[in-house]
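Take a look at the structure below.
2 protein chains.
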Amino acid sequence: MKIFGDSISGNCLKVKWTADHLGLAYDWVETGVQKGETRTPAFLALNPAGQVPLVLLDDGRPLAQSNAILLHLGRGSDLIPADPYLESRVLEWMFWEQYSHEPYVAVARFQVRYLGRSPETLDPGLVRRAEGALDHLDTALKGRDWLVGEAFSLADMALVPYTRFAPEAGLSLQSRPSVSGWISRCETYLGLPGLGVSP
Amino acid sequence: MKIFGDSISGNCLKVKWTADHLGLAYDWVETGVQKGETRTPAFLALNPAGQVPLVLLDDGRPLAQSNAILLHLGRGSDLIPADPYLESRVLEWMFWEQYSHEPYVAVARFQVRYLGRSPETLDPGLVRRAEGALDHLDTALKGRDWLVGEAFSLADMALVPYTRFAPEAGLSLQSRPSVSGWISRCETYLGLPGLGVSP
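Same order as they appear, the protein sequences are chains A and B.
Each position in the first sequence, counted from 1, maps to that position plus 3 in the numbering used here.
Each position in the second sequence, counted from 1, maps to that position plus 3 in the numbering used here.
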């Protein structure tokens with residue numbers, strides 16, 4: 004398998020982390036969005052949407068969209084609950100992540116970390132929605148170890164990368180103890196180096 | 004089953020169409036977003052994200068996010084390909100819809116149809132991305148009857164509602180013959196009254 008990804012992208016990292024966790028062999032093909040490497044004719048032939056992550060499966064067939072890739076790689080593993088309702092709750096979180104979390108938390112982080120803007124100059128509507136997404140997560144995680152059921156799942160895998168980067172956008176995790184504790188649990192579970200965001 | 008939905012929302016309509024297509028019994032609970040009915044304490048107790056559609060399954064358990072609901076209701080039906088790779092391609096389109104199509108095509112349509120703005124006054128970036136989403140669909144559908152494989156699937160179900168409404172935002176379907184033909188096929192397949200967008 005080949006994973007085409009940009010190492011600064013949480014959407015790409017979650018594919019890498021999923022493959023690592025499942026012990027899948029892959030070649031990582033670094034593909035820089037800011038360098039225009041997702042807009043070359045060769046890349047567009049693989050993914051006409053011009054987005055990373057993209058995987059070429061072992062049989063050469065392409066698959067795009069980070070969360071679709073996670074669900075493909077994780078099929079039949081303990082990353083997806085066996086109970087159909089809980090599996091659907093995992094999907095609910097994964098769609099929520101792409102619609103109500105990533106467009107705000109990830110975009111705010113990108114503007115600060117990679118475009119050099121100060122958090123104070125971000126669009127107030129963007130910040131408000133990012134804060135709202137983190138509040139929603141904090142409420143959902145109150146008294147819970149994981150987002151769905153009693154085990155780490157693809158819901159946690161999909162949400163943790165950009166949530167973990169939120170302080171890079173000036174968004175507070177220390178004021179959200181349920182999120183902070185959950186990030187630490189995810190880091191331990193995935194064997195990631197801690198970012199020191201726990202309260 | 005109860006479906007809480009706003010009849011002007013394509014995200015809600017696709018849940019209704021899926022339930023209708025599968026012959027599932029349900030009560031439709033009209034829930035107006037603009038009336039604030041998704042922000043009442045009673046509704047937030049069911050879905051803390053404050054969004055429709057929301058379903059209460061027959062056992063009373065809630066499920067949100069339109070595409071997660073489609074996948075839950077459609078599990079084991081002919082709306083999801085049996086081949087795992089094709090199933091993942093359906094997921095790829097469903098995540099693309101929520102990230103790269105709905106936030107532009109649906110938002111443009113809402114601003115024109117329900118906020119009374121003229122298409123000429125829309126944010127040019129919004130229009131450019133909506134046009135790009137429709138172009139991407141048109142290219143993908145060239146020479147194909149359906150988005151994935153050789154049969155109507157949840158990929159088509161997820162994409163057709165807001166695509167069909169695109170002319171309400173001043174976005175052209177007549178100039179995109181592959182999309183127009185596909186909409187007509189979806190309308191026929193789902194037994195919907197045609198909107199007359201075919202070329």
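Idealized CB from N, CA, C, for every residue including glycine.
Note that the structure is a prediction, hence the values are computed from the model and not measured.
Assigned exposure category for residue i - 16 Cβ within 10 Å defines buried
i: B/T124; result: exposed
i: B/L17; result: Looking at the sequence shown, residue 17 of chain B is not Leu but Lys. B/K17 is buried by the Cβ-count criterion.
i: B/Q37; result: exposed
i: B/A48; result: exposed
i: B/A161; result: buried
i: A/P202; result: Model confidence at A/P202 stands at a pLDDT of 33, short of 50, so the residue's coordinates are unreliable and nothing is read from them.
i: A/P127; result: exposed
i: A/E33; result: exposed
i: A/E90; result: buried
i: B/P87; result: exposed
i: B/A154; result: exposed
i: A/A85; result: exposed
i: B/G119; result: exposed
i: B/G199; result: Its pLDDT being 48, under 50, B/G199 is placed unreliably in this model, and the value from its coordinates should be taken loosely. Per the 10 Å Cβ criterion, exposed.
i: A/D81; result: exposed
i: B/G146; result: exposed
i: A/T166; result: buried
i: B/A45; result: exposed
i: B/D61; result: exposed
Alpha carbon of residue i to alpha carbon of residue j, nearest angstrom
i: A/E190; j: A/L144; result: 16 Å
i: B/I72; j: A/E100; result: 15 Å
i: B/Y117; j: A/G79; result: 44 Å
i: B/Y29; j: A/Q114; result: 45 Å
i: A/W185; j: A/W149; result: 7 Å
i: A/L195; j: B/G63; result: 38 Å
i: A/T142; j: A/P180; result: 10 Å
i: A/S121; j: A/V130; result: 12 Å
i: A/G35; j: B/L57; result: 38 Å
i: B/S12; j: B/S69; result: 11 Å
i: A/H24; j: B/D23; result: 40 Å
i: A/P106; j: B/W96; result: 18 Å
i: A/R188; j: A/E134; result: 22 Å
i: B/N50; j: B/L74; result: 18 Å
i: B/G8; j: B/L193; result: 19 Å
Rounded distance between the beta-carbons of residue j and residue i, thought under 8 Å
i: A/S156; j: A/I83; result: 7 Å
i: B/H104; j: A/A52; result: Their Cβ separation, rounded to whole angstroms, is 10 Å, which puts B/H104 and A/A52 out of contact at 8 Å.
i: B/A136; j: B/V110; result: Not a contact, Cβ separation roughly 11 Å.
i: A/L66; j: A/L27; result: Between A/L27 and A/L66 the Cβ distance is about 13 Å, and since that is not below 8 Å, they are no contact.
i: A/R112; j: A/A169; result: 7 Å
i: A/L59; j: A/K5; result: 4 Å
i: B/V151; j: B/R92; result: 5 Å
Next item on the list: Name, going along the chain, the residues of the stretch 40-70 of chain B whose beta-carbon falls closer than 7 Å to a beta-carbon of chain A.
Entry: P51, A52, R64, L66, A67, Q68 and N70
Notebook entry, point to check: Pairing CB atoms from the stretch 17-31 of chain A with CB atoms from the stretch 170-186 of chain A, are three or more of them under 8 Å?
Noted result: no
Item checked: Within 9 Å of chain B by C-beta, residues of the stretch 81-107 of chain A in sequence order -> P87, Y88, E90, S91, R92, V93, L94, E95, W96, M97, F98, W99, Q101, Y102, S103, E105 and P106
Margin query: Would the stretch 30-46 of chain B count as touching the stretch 90-109 of chain B if we require 3 or more Cβ pairs under 8 Å?
Written below: Judged by Cβ distances under 8 Å, the stretch 30-46 of chain B makes no contact with the stretch 90-109 of chain B, as fewer than three pairs qualify.
Note to self: Along the stretch 106-125 of chain B, where does the CB come closer than 9 Å to a CB of chain A? Name the residues.
What the structure shows: Listed by position, the residues of the stretch 106-125 of chain B near chain A (Cβ gap below 9 Å) are P106.
Notebook entry, point to check: Given a limit of 9 Å on CB to CB distance, which residues of the stretch 123-149 of chain B reach chain A?
Noted result: H139, T142 and A143
Next item on the list: Taking a Cβ distance cut-off of 9 Å, strictly less, list which residues of the stretch 178-195 of chain A are near chain B, in chain order.
Entry: none
Note to self: Along the stretch 5-31 of chain B, where does the CB come closer than 9 Å to a CB of chain A? Name the residues.
What the structure shows: none
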